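Structure first, commentary second.
2 protein chains.
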Amino acid sequence: MTDEERMFECIPNFSEGRRPEVLEALRRAAEVPGVRVLGLDADPDHNRAVMTLVGPRGSLLTSVFATIRQALETIDLTRHEGVHPRMGAVDVVPFVPLQGSSEAEAIEMARELGRRVGDELQVPVYFYELAATRPERRNLADVRRGQFEALSVRMAADPPDCGPPEPHPTAGAVAIGARRPLIAFNVYLNTGSMAVARRVAKAVRGSSGGLVGVKALAMDTRNHGRVQVSMNLVDYRTTPLPRALELVREEARQLGVLVVQTELVGFMPFDAVEDAMRYYLQLPGFSRHRVLEVAIKESGKEWGDRE
Amino acid sequence: MTDEERMFECIPNFSEGRRPEVLEALRRAAEVPGVRVLGLDADPDHNRAVMTLVGPRGSLLTSVFATIRQALETIDLTRHEGVHPRMGAVDVVPFVPLQGSSEAEAIEMARELGRRVGDELQVPVYFYELAATRPERRNLADVRRGQFEALSVRMAADPPDCGPPEPHPTAGAVAIGARRPLIAFNVYLNTGSMAVARRVAKAVRGSSGGLVGVKALAMDTRNHGRVQVSMNLVDYRTTPLPRALELVREEARQLGVLVVQTELVGFMPFDAVEDAMRYYLQLPGFSRHRVLEVAIKESGKEWGDRE
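Here the protein sequences come in this chain order: H and F.
Heads up: the first sequence begins at 673 in this note's numbering, then just goes up one per residue.
Heads up: the second sequence begins at 673 in this note's numbering, then just goes up one per residue.
Rendered as C-alpha cells:
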C-alpha cells in the first residue's frame with residue numbers, strides 16, 4: 673500500500689460556530705487536492721465547528737495547516753463566548769487512522785503538524801491522547817482545564833510541547849493529537865435545568881461511576897429551553913451508542929425528564945450503525961451487507977461484473 | 673439510460689429450505705453474466721428459500737428462468753412439508769424496479785417470464801400484485817389460498833393466466849408478479865403458543881385492524897420452542913419497520929410475552945435503515961450520508977478525486 677493510499681481522518685475543532693463567512697473561509701482553506709472535506713458541523717450554542725477531513729498524509733497535513741492559519745486570521749478568543757470548553761481559536765486537532773493506516777503514523781502526523789504550528793504560526797501546542805508526551809496530558813479535558821482565560825497562569829507551570837511558552841494573544845493554545853475513532857453525540861432533555869443535565873452527565877460518564885468509554889458534559893443551550901448532555905463515545909465497540917443513550921434516558925427519567933432528540937456531530941462509523949440496528953431491532957443478523965444498496969455495490973466487485 | 677443500465681431485482685421463493693445440494697444447484701443455475709446473486713436465505717422451518725437477484729432485463733430473465741427450470745427437477749411438492757404457505761415448487765417470483773427502472777417495465781418482465789414458464793415448462797402461472805390481470809389476484813395470499821393441496825379444485829374454477837389448466841404434478845403453480853420493494857421481517861416470541869402468535873399477527877396486520885402496509889402470519893417453529901410472527905412490510909416508508917416491531921412488542925407484552933429476537937429475510941433498503949436509526953436514536957439528522965464509510969465513498973465522486 674502506497675503513501676497515497678493510506679488514509680487518515682482529521683477533525684479540527686474551531687471556536688467559531690456562528691459567522692457563516694468565517695466558516696466558509698475555513699472550508700475553502702481546507703480544499704487541497706487529494707483531501708475530502710466530508711463536512712463542517714457548526715453549533716451556534718457551542719460557538720464551535722467541527723470539520724471532518726479525509727486524505728493521505730501529505731495533502732492532509734497541507735490542508736489542516738492551511739485551515740489553522742486561516743482560523744488565526746478570523747477567530748479572536750478574547751471576544752469568544754460559547755458553552756463548550758475551549759482554550760484555542762483552533763481548539764483541538766485529532767488525527768485518526770482509517771483502514772490501511774496505523775496509530776503510529778497518526779501520532780507522527782500530529783507531531784509534525786504540532787512542530788509547524790508552533791514554529792511557523794507561533795501558537796503553543798500540547799500533544800494529547802495517543803500523541804501525549806506525558807501521561808497527565810493524555811486526557812483532553814485535563815489539557816484544556818481552566819480554558820483560554822486561565823492559559824497564561826497554567827502555561828507558566830506547564831510549558832507546551834511546541835511553540836512559544838506564552839499563549840497566542842488571540843488564538844490561545846491548541847491541543848493536537850492522535851486517537852481512535854469516536855462518536856460525538858448530543859442528547860437534548862426536555863428541561864431547562866442545568867442541575868438535571870449535570871446529574872445525568874455525571875451518571876453516564878466513566879470518570880464518575882458511569883460507562884467506561886463515555887465522556888459526558890452538561891451544556892446549557894438556553895435559547896431552546898432544553899439542556900444538553902454532550903457525549904464522546906471513545907470506544908464505541910466496547911461501550912456502544914445504544915447503551916449510552918439508554919442510560920441517559922433512564923437517568924433522566926428518574927429525574928422526571930425525557931429525551932427530546934439527539935444529534936450527531938460529524939460522522940458515525942458503519943460499525944456503530946450495525947450495533948444500533950442489532951440492539952434496537954433485536955436483529956443479530958444485521959450487517960451492512962444486508963443493506964440492499966451496499967450489497968449491490970459490493971457484488972459489483974466480484975463475479976457480477978464479468979459480463 | 674440504456675437497457676443494460678436499468679436494473680431490476682427479482683426475488684424467487686423456492687419451496688426448499690433444507691437440502692444444501694438442492695439450494696447450491698439453484699444458486700449455480702442463477703449465475704448468468706450480468707446478474708448478481710446477492711443472497712440465498714434458506715429457512716428450514718419454513719422449508720423455503722428466498723433468492724435475491726439483481727440485473728438488467730435480458731440477463732435477469734435468463735437467470736430466473738434457468739433457476740426455475742432447475743427447481744422443477746429437484747423439488748417435489750407432493751413430499752413437501754413446511755410451515756410457510758405455498759402452492760408451488762417455485763412459489764412466487766416478484767420483480768421489483770430499482771433506481772432507473774419503472775414499475776411498467778417490471779410488470780412487462782413478469783408477463784414475459786410467465787409466458788415462458790407456462791409454454792416451455794408447462795407450469796401454470798398466476799400473475800399477481802402490480803402484474804395481476806384482475807383485482808382479486810392482486811393480493812398474493814388470495815392467489816395462494818388453499819395452497820398446493822387444493823390446487824386442482826381451485827384451478828378448475830379459476831384458470832391461470834398462462835400455461836396448462838391443471839397443476840404441474842410435482843411443481844404445482846407459480847405466482848409471478850411485480851411489486852414495490854418490501855421488507856420481510858420475522859419476530860420470535862418467547863412462547864411456544866401459536867394462539868399468542870396468531871393474536872399478535874392479527875393485531876398488527878392491516879387486514880384485521882392493525883397497521884396499513886403490514887402483512888403478518890403466525891408461524892410455528894416448534895424446534896425452537898418459540899413461535900414466530902412473520903411480516904411483510906409492503907410500504908415501509910409509510911409504515912416503517914420500528915412502528916411494526918414496537919406494535920408487535922406491545923401486543924405481545926399485553927399477553928405476557930416478550931420479543932426474543934428478529935430476523936431479516938433477504939435485504940433491507942438503506943431508506944429503512946435511516947428510518948430505524950432516526951426512530952430509535954431519536955436522531956432526525958441521521959442519513960446514510962452521515963456514515964463515515966459512505967461519506968468517504970461519495971466524496972470520491974466529487975472534487976476530492978481531482979488530484
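By construction, the Cβ of each residue, glycine as well, lies at the ideal position given by its N, Cα and C atoms.
Everything numeric in this text was worked out from a predicted model, so none of it was measured.
- The beta carbon of residue 917 of chain F falls within 8 Å of a beta carbon belonging to chain H, placing the residue at that interface.
- Of all residues in the segment 949-961 of chain H, the ones placed with a Cβ closer than 7 Å to any Cβ belonging to chain F are 949, 952, 953, 954, 955, 956, 957, 958, in chain order.
- Nearest C-alpha to residue 763 of chain H among H:805, H:812, H:802: H:812.
- The beta-carbon distance between residue 929 of chain F and residue 862 of chain F, rounded to whole angstroms, is 6 Å. This is short enough to meet the 8 Å contact definition.
- Between residue 733 of chain H and residue 679 of chain H, the gap from beta carbon to beta carbon reaches 8 Å or more.
- Taking C-alpha positions only, residue 875 of chain F is separated from residue 923 of chain F by approximately 7 Å.
- Per DSSP, the continuous beta strand (DSSP E) segment holding residue 769 of chain H begins and ends at 762-769.
- Distance check between residue 937 of chain H and each of H:689, H:839, H:838, H:749 places H:689 closest, using alpha-carbon atoms only.
- Looking only at H:695, H:703, H:752, H:724, the smallest Cα-Cα distance to residue 963 of chain F is reached by H:724.
- For residue 935 of chain H, the number of other beta carbons within 10 angstroms of its own is at least 16, and it is reported as buried.
- Counted as a single uninterrupted DSSP element, the stretch harbouring residue 882 of chain F is not any beta strand (DSSP E), since DSSP gives it neither H nor E.
- DSSP, reduced to helix, strand and coil, places residue 971 of chain F within a helical segment of the structure shown.
- The way I'd put it, the segment 872-887 of chain F does touch the segment 905-913 of chain F; three or more beta-carbon pairs between them come closer than 8 Å.
- Membership of residue 870 of chain H in any beta strand (DSSP E) is not indicated; the residue belongs instead to the alpha helix (DSSP H) covering 866-876.
- Around the beta-carbon of residue 893 of chain F, 16 or more other beta-carbon atoms lie within 10 Å, marking it buried.
- For the pair residue 831 of chain F and residue 785 of chain F, the Cα-to-Cα distance works out to about 18 Å.
- Only 707, 708, 709, 710, 711 from the segment 707-721 of chain F bring a Cβ to less than 9 Å from some Cβ of chain H.
- Secondary structure of residue 923 of chain H (DSSP, three-state): helix.
- Sequence-distant Cβ neighbours of residue 966 of chain F in its own chain, meaning closer than 7 Å and more than five residues away, are 960.
- Within the same chain, 799, 833 come within 8 Å of residue 805 of chain H by CB-CB distance, once the 5 residues on both sides are set aside.
- By the rule that beta-carbons nearer than 8 Å mark a contact, residue 934 of chain H touches chain F.
- Within chain F, no residue has its beta carbon less than 7 Å from that of residue 765 of chain H; the closest one is some 18 Å off.
- Of the other Cβ atoms in all chains shown, 16 or more fall within 10 Å of the Cβ of residue 946 of chain F; this residue is therefore buried.
- Apart from the 5 residues on each side of it in sequence, residue 940 of chain H sits with its Cβ closer than 7 Å to the Cβ of 855 in its chain, given in chain order.
- Residue contact with chain H for residue 940 of chain F: present (Cβ-Cβ distance below 8 Å to some residue of chain H).
- Under the Cβ distance rule, residue 963 of chain F counts among the residues neighbouring chain H, one pair being separated by less than 8 Å.
- Under the three-state reduction of DSSP output, residue 749 of chain F falls in the helix class.
- Each of H:704, H:716, H:695, H:845 was checked against the Cα of residue 750 of chain H, and the nearest Cα belongs to H:845.
- Between the segment 787-795 of chain H and the segment 814-828 of chain H there are fewer than three C-beta pairs closer than 8 Å, too few to call the two in contact.
- Taking CB atoms only, residue 902 of chain H has no neighbour in chain F less than 8 Å away.
- Using beta-carbon distances, residue 968 of chain F counts as an interface residue toward chain H, with a partner under 8 Å.
- Taken residue by residue, none of the segment 750-784 of chain H has a beta-carbon sitting less than 7 Å from a beta-carbon on chain F.
- At a cut-off of 8 Å between C-beta atoms, residue 872 of chain F does not count as an interface residue with respect to chain H.
- A straight-line Cα-Cα distance of about 13 Å links residue 789 of chain F and residue 837 of chain F.
- According to DSSP, residue 695 of chain H shares a beta bridge with no other residue.
- Contact of residue 726 of chain H with chain F is assigned, a C-beta pair being separated by under 8 Å.
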